[in-house]
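In the numbering used here, the protein residues as written are 167 to 289.
#1: What is the DSSP secondary structure of residue 269, counted as helix, strand or coil?
#2: Decide if residue 241 is buried, meaning its Cβ has at least 16 other Cβ atoms within 10 Å, or exposed.
#3: Is residue 277 helix, strand or coil by DSSP?
#4: Roughly how many whole angstroms lie between the Cα atoms of residue 234 and residue 274?
#5: Kindly indicate which three-state DSSP category residue 221 falls into: helix, strand or coil?
#6: Just the Cα atoms here: how many angstroms apart are residue 205 and residue 216?
#7: Taking the CB atoms as reference points, tell me whether residue 238 and residue 271 lie closer together than 9 Å.
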């Protein structure tokens, strides 16, 4: 039995990591680590991770976080009935600037049209 199944994860645990998407992975690496640590170590690590000055330590974490936020922007716009051209969707989805994406997310909450996000003109 694969380790993923043993812990209740989907069958993708046996797939090569490069073929899995973030959505197919088991809970975050942090979640797995935290679940295996002794209580004192877990509390220390949780405090470090929730510190407001924490910055992602890996490109994977930064990209994953940015991708999730970008999906949220598009989801909010869709929920509000805002039509977004495919090229603009691609620009939002491919952005890696977390601060910019978070700004778009706040703007998306009240947007009537995608232009309300004040997206930069991308070539």
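Beta carbons are placed, not taken as given, at the ideal position from N, Cα and C, and that holds for glycine.
Looking at the coordinates:
#1: Assignment of residue 269 by DSSP, reduced to helix, strand and coil, places it in the helix class.
#2: Exposed, since its Cβ has fewer than 16 Cβ neighbours within 10 Å.
#3: Per DSSP, reduced to three states, the secondary structure at residue 277 is coil, with no helix or strand assignment.
#4: In this structure, the straight-line span from the alpha carbon of residue 234 to that of residue 274 is close to 15 Å.
#5: Reduced to three states, the DSSP call for residue 221 is coil.
#6: Roughly 16 Å separates the two Cα atoms.
#7: The Cβ atoms of residue 238 and residue 271 lie closer than 9 Å to each other.
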